[in-house]
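Top line first, the protein sequences correspond to chains L, A, B, S, E and U.
When you number the first sequence by the numbering used here, it's gap-free, plus one each residue, and the end is 520.
When you number the second sequence by the numbering used here, it's gap-free, plus one each residue, and the end is 520.
When you number the third sequence by the numbering used here, it's gap-free, plus one each residue, and the end is 520.
When you number the fourth sequence by the numbering used here, it's gap-free, plus one each residue, and the end is 520.
When you number the fifth sequence by the numbering used here, it's gap-free, plus one each residue, and the end is 520.
When you number the sixth sequence by the numbering used here, it's gap-free, plus one each residue, and the end is 520.
Where is the CB? At the ideal position from N, CA and C, for every residue including glycine.
This report concerns only the one structure given below.
Number of protein chains: 6
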Amino acid sequence: MKHLFIDKNLKYSGLELAPHWIYKNYKMQGDAIVAFVGECEVHLTEMVDVEDVINNEPIYSKCMLNFIAEMFNIGLVEGVLRQRLLITTIKEVLENDYGIKVVRNGDDLFINDKKLSVSIATKSINSVLIHTGLNIDATGAPVDAAELNSVKALDIKDFANKIMIRYTDELDDIVLASTKVSGR
Amino acid sequence: MKHLFIDKNLKYSGLELAPHWIYKNYKMQGDAIVAFVGECEVHLTEMVDVEDVINNEPIYSKCMLNFIAEMFNIGLVEGVLRQRLLITTIKEVLENDYGIKVVRNGDDLFINDKKLSVSIATKSINSVLIHTGLNIDATGAPVDAAELNSVKALDIKDFANKIMIRYTDELDDIVLASTKVSGR
Amino acid sequence: MKHLFIDKNLKYSGLELAPHWIYKNYKMQGDAIVAFVGECEVHLTEMVDVEDVINNEPIYSKCMLNFIAEMFNIGLVEGVLRQRLLITTIKEVLENDYGIKVVRNGDDLFINDKKLSVSIATKSINSVLIHTGLNIDATGAPVDAAELNSVKALDIKDFANKIMIRYTDELDDIVLASTKVSGR
Amino acid sequence: MKHLFIDKNLKYSGLELAPHWIYKNYKMQGDAIVAFVGECEVHLTEMVDVEDVINNEPIYSKCMLNFIAEMFNIGLVEGVLRQRLLITTIKEVLENDYGIKVVRNGDDLFINDKKLSVSIATKSINSVLIHTGLNIDATGAPVDAAELNSVKALDIKDFANKIMIRYTDELDDIVLASTKVSGR
Amino acid sequence: MKHLFIDKNLKYSGLELAPHWIYKNYKMQGDAIVAFVGECEVHLTEMVDVEDVINNEPIYSKCMLNFIAEMFNIGLVEGVLRQRLLITTIKEVLENDYGIKVVRNGDDLFINDKKLSVSIATKSINSVLIHTGLNIDATGAPVDAAELNSVKALDIKDFANKIMIRYTDELDDIVLASTKVSGR
Amino acid sequence: MKHLFIDKNLKYSGLELAPHWIYKNYKMQGDAIVAFVGECEVHLTEMVDVEDVINNEPIYSKCMLNFIAEMFNIGLVEGVLRQRLLITTIKEVLENDYGIKVVRNGDDLFINDKKLSVSIATKSINSVLIHTGLNIDATGAPVDAAELNSVKALDIKDFANKIMIRYTDELDDIVLASTKVSGR
């Protein structure tokens, strides 16, 4: 599984969570994850989370570190499990590499009881798509929010790459782990 | 998904990681997880981890908190993802409820660089089976080991139930999360 | 699996057979079945049954008891089997609770050689969708039709709930039955 | 899907519910169902139904009409749905062709509140296996039993073939029905 | 699996690679393959091959023998394997029946180092769709192309039928081969 | 997918077609294919091909080039398609690199109407296993056989590596091809 940090400010509007968005824009074919920094504004019309649509909860954050992942030929339950692993990975990198205590609740991350993240996993005809956004500057967010800006000595690109490397390594390891056991 | 703490000391020999072991012994049908305390001794002949067999690494721990889970009608890659979630859940309960810092590396847990856990996920014809053992008293373990005994104010049964409740709740939530998103 | 009788007259036009229609309108997340009474008029442009489109057979019935079910994370062959079980369940409730003899032919039900039902099962990206309509008043139907109106002492809401309870109970039981057998 | 009535008395012991038993003995390759008449005696050691093993309920009937089906490349939940369809088919042939009222409860059939049938569906590495037995002469059965012997004008071979033809026709039709609908 | 040679010149524009195109136009329900002769012109807006879109490579050939296949209830990796088998079948019919040496490279066929074919496999919600086109007259093609016109004594309809018969026979045989082996 | 030519004469008895045989003996974890030279003698008791068992056709060849492949987390129909691709690959390497005309019929290869190969694909609980053997010296074979010995300038190790490289490259390419197409 490939990964890329996109060195260019990009707004996330929800439309980027589409099949082959990574392939078409960054020429990375197959399972991949990319990260980029930018404003995050998802209107209800672009939301895949029906729960948020029902509750009339659009997403806004002035500046986020966004991850988009696409993985092919798997079902959505496995996709949500892979999303939870991404959330866990972000938590663990913050703990291990930056000494920040993070609490995970499902696909949400909290620092000092403030929400750091938004995340969703959905399906296209032949792939699972995951978006996770971490507040860098949460000005304008609808909830009391934690921000990566407040983490000392955190370089966004370096942080994003640490996460993507740990995540793609573990996914490869998980597939490999499924090949090393005798059946029962 | 059901859960049960078995209030009886049981040795784990590897033979318990078998289809319907939970159902036959504890009358819990369907997806379930149980926990029990006992010596853990898995000879090479009972190991499902071919890697350990190749490396000639039998498992021994004088006293462990053992979890056995069985989940039906899923594939093994999803099973390994569910195993990683169990490991993550154990880590998070130790952090959130007992203030213990734990480092996860794949399906291994460490406290102060000492190994706390063993774990494996395998497949039967129609289910995935997971075993995870946490050292309570690691006397005789082949590696430098961490022990739950050294965690203050940790009642094993209470701890095990916290883990099983958080884990089964999150698995239910994950399946539900797969039903709330528009396709792309 | 949840169920709900909607106490409000609703027209069925085919557009209701859509992913998350139940969730968006009735806040029931996950596998669910709902029932409601109303006119049934499906134009060719809204039909998912390509066979009917080819044969130029739109659907009309002045008043029907409609069932809509959505079930996630399964394939369409399993979905059609679940549709047949719904049809069988309707037949059996009419027999057992109302003493009416019903003949089933695939996904069609007949009383005294007159057609009582229409039904279809289809797939969205992540779910199977089932519609079944039973004539209450078949005025205007393109074929000679049986009607629930002619069944003595049949209260529509009570009848619908009996069907939905028996159906959702049996589906739960079927999944459970898959977890109680040794492999061969 | 092929079918065959075996014109030879055969005892059913449970060992016949094995992968390729039909192919090895009757040269019918692929999805198939066979029927035969004979004593039915399944000891606990040969039972695949763990529920019956737990409850210590071996099976005995002096003479049964037995059906064995094997279907490849499907999961067990779909297999149990196909078993329920077989049970429904038996009920419907008794109703339509012999005028007998039959009540179905899951995978059990009853005539006048007496149990007519036993049935189980299980999985091998690459197939689903179904056994259904209908009492012809239930002398020695552990429960109050209904018998085909008491059905007037019922020729066993003819009856069995009617069931197998209706069942295999409907399964073919179900697979075909999954190919005729627009996605949603 | 059914097959049909369409005795009418048809242009292939890419829009024909759609679910139920075969069923709606030729009344063949279920897995099927059809062949027809006609101009082939696929604009970028109709291309399913994102690689070609990225590389700005529309398809044009003045006259092609086109195959369209639709197969239901399978995944896309299996679909691509079935596409490769179609390509192999075309090669083998040219060799065995016409004495032409053909080199296959993935889903491309070459005669004397000139490209004979274009091909793609994609997925709809419930089916896999395959298009393969073989140049008859490649005037206007963007690459140096081989043509069926240059093969002596090749009658297009006869050639297409040979391919479709061999292909559908082998697919049936492959499914059957999956039902004849003991598990390990 | 990994590959290895085993530089040691090994007899193939059928027992080698077992889950993790490659991993246990050659430390190659995950999807892999190996090749080796040796006598091939499969008794009926070790045959997975029930058809051969029924027909009482054990396998014998004095010296064969054997391929064993194991691939995890796939179904058997896909496994048989992958077997056919291996057979096709062997044919194409013989054609392209050695100028030998080979005819394929399903999973059999023929040179001058003499049979060159035996092959089978089967399933374990979590993998597909493929064996293909090519006669080097067919003394004692039950049918009129072709032999690699008669192919000029064919170095067995070089030939086997060419096949394994082309095969594993194409399988990787097939999985990748499933990730580059828009859905329909």
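Taking 7 Å as the CB-CB cut-off, is Arg520(L) touching chain A?
Yes, because at least one Cβ of chain A sits closer than 7 Å to the Cβ of Arg520(L).
At least one CB of chain U closer than 7 Å to the CB of Asn361(S): is that the case?
Output row for Asn361(S): interface = no.
Determine which residues of the stretch 443–476 of chain U have a Cβ less than 7 Å from any Cβ of chain A, and write them out in chain order.
Cβ contacts with chain A: Ile461, Asn462.
Thr515(E) CB to nearest chain S CB: under 7 Å?
Closer than 7 Å to the CB of Thr515(E) there is at least one CB belonging to chain S.
Spatial distance of Leu470(A) from Leu353(A) (CA atoms):
If you take the alpha carbons of Leu470(A) and Leu353(A), they lie about 16 Å apart.
Integer Cβ distance of Lys427(S) from Arg418(S), believed to fall under 8 Å
In fact, because the Cβ distance is near 15 Å, the residues do not count as touching under 8 Å.
Which residues, taken in chain order from the stretch 368–400 of chain S, show a beta carbon closer than 8 Å to some beta carbon of chain A?
Answer in chain order: Val386, Glu387, Val389, Ile390.
Nearest-angstrom beta carbon gap, Ala474(E) and Ser397(E) [assumed within contact, 8 Å]
The Cβ separation is near 5 Å, so the contact holds.
Going along the chain, which residues of its own chain have a beta-carbon closer than 7 Å to the beta-carbon of Met500(S), five neighbours each way excluded?
Correct list, in chain order: His339, Ile369, Ala371.
Which partner residues does Asp508(L) have in the DSSP bridge list?
Partner(s): none; Asp508(L) has no beta bridge.
Kindly list the residues whose CB is nearer than 6 Å to the CB of Ala405(U), restricted to its own chain and excluding five residues on each side of it in sequence; keep chain order.
Excluding positions up to five away in sequence, the list reads Ile369, Ile466.
What residues from chain E crowd round Asn409(L), counting only those whose CB sits closer than 9 Å?
Ordered by position in chain E, the residues that pass the 9 Å Cβ test against Asn409(L) are Gly411, Leu412, Val413.
Below 9 Å on C-beta distance, what does Leu353(S) contact in chain B?
Residues of chain B whose Cβ lies closer than 9 Å to the Cβ of Leu353(S) are, in chain order, Arg520.
Report the option in Ser463(S), Leu507(S), Asp509(S), Ser453(S) whose CA atom is closest to the CA atom of Glu483(S).
Comparing Cα-Cα distances from Glu483(S) to each of Ser463(S), Leu507(S), Asp509(S), Ser453(S), the minimum goes to Ser453(S).
Decide if Asn462(U) is buried, meaning its Cβ has at least 16 other Cβ atoms within 10 Å, or exposed.
Buried: at least 16 other Cβ atoms inside 10 Å.
Euclidean distance between Cα positions of Val487(B) and Ala496(B)
Counting only the Cα atoms, Ala496(B) lies some 14 Å from Val487(B).
Note down, in chain order, each residue of its chain lying with its Cβ closer than 7 Å to the Cβ of Ala477(A), except the 5 sequence neighbours on either side.
If we look at Ala477(A) and ignore the five residues flanking it on each side, its Cβ neighbours are Tyr396, Ser397, Asn471.
Can you tell me whether His379(L) is buried or exposed? The criterion is at least 16 other CB atoms within 10 Å of its CB, across all chains shown.
Flag for His379(L) reads exposed.
Interface residues of chain A around Leu512(B) at Cβ under 7 Å?
Those are Gln365, Gly366, listed as they occur along chain A.
Tell me which same chain residues have a C-beta within less than 7 Å of the C-beta of Leu346(S), skipping the five on either side of it?
Around Leu346(S): Phe372, Gly374.
Would you say the stretch 430–437 of chain L touches the stretch 382–395 of chain L, given that touching needs at least three Cβ pairs under 8 Å?
Touching, no, given that fewer than three Cβ pairs across the two stretches are closer than 8 Å.
Mind checking the stretch 487–509 of chain B against chain S and listing, in chain order, the residues whose C-beta falls within less than 7 Å of any C-beta there?
Only Glu506, Asp509 from the stretch 487–509 of chain B bring a Cβ to less than 7 Å from some Cβ of chain S.
Nearest CA to the CA of Phe446(L): which residue from Asp509(L), Val464(L), Val479(L), Ser460(L)?
Of all alpha-carbon atoms in Asp509(L), Val464(L), Val479(L), Ser460(L), the one lying nearest the alpha-carbon of Phe446(L) is that of Val479(L).
Compare the Cα-Cα distances from Asn402(A) to each of Ile492(A), Arg420(A), Leu512(A), Asp509(A) and report the closest residue.
Per the Cα distances, Ile492(A).
Reference Met364(B), options Thr515(A), Leu507(A), Tyr359(A), closest by Cα:
Among Thr515(A), Leu507(A), Tyr359(A), the Cα nearest to that of Met364(B) is on Thr515(A).
Spatial neighbours of Tyr503(E) in its chain, beta-carbon cut-off 6 Å, leaving aside the 5 residues before and after
Leu422, Thr425.
So, using beta-carbon positions, are Val429(L) and Lys498(L) closer together than 7 Å?
Contact flag set, yes.
Within the 7 Å Cβ cut-off, does Leu346(L) reach chain A?
Judged by the 7 Å Cβ criterion, Leu346(L) is not in contact with chain A.
For a test of the three-state rule: what should DSSP assign to Ala513(E), helix, strand or coil?
Here Ala513(E) sits in helix by DSSP.
Please classify Leu353(E): does DSSP put it in a helix, a strand, or coil?
The answer is coil: DSSP assigns Leu353(E) none of H, G, I, E or B.
Since Gly366(E) and Leu512(S) are thought to touch, with beta carbons under 8 Å apart, how far apart are those beta carbons, to the nearest angstrom?
Under the criterion of beta carbons closer than 8 Å, Gly366(E) and Leu512(S) qualify as touching, at roughly 6 Å.
Please list the terminal residues of the continuous beta strand (DSSP E) segment that includes Arg520(B).
In this chain, Arg520(B) is not harboured by any beta strand (DSSP E), its DSSP state being neither H nor E.
Counterpart residues of Asp480(A) in DSSP-defined beta bridges:
According to DSSP, which records beta bridges pairwise, Asp480(A) is partnered with nothing at all.
For a cutoff of 7 Å on Cβ pairs, would you count Val416(E) as touching chain U?
At least one chain U Cβ lies under 7 Å of Val416(E).
Could you work out which residue in Thr468(B), Val464(B), Ser460(B) is closest to Asp444(B) when comparing CA atoms only?
With distances taken between Cα atoms, Asp444(B) lies closest to Thr468(B).
Which chain E residues are close to His356(S), counting only those with a beta carbon under 8 Å from its beta carbon?
Here the neighbours are Lys516, Ser518.
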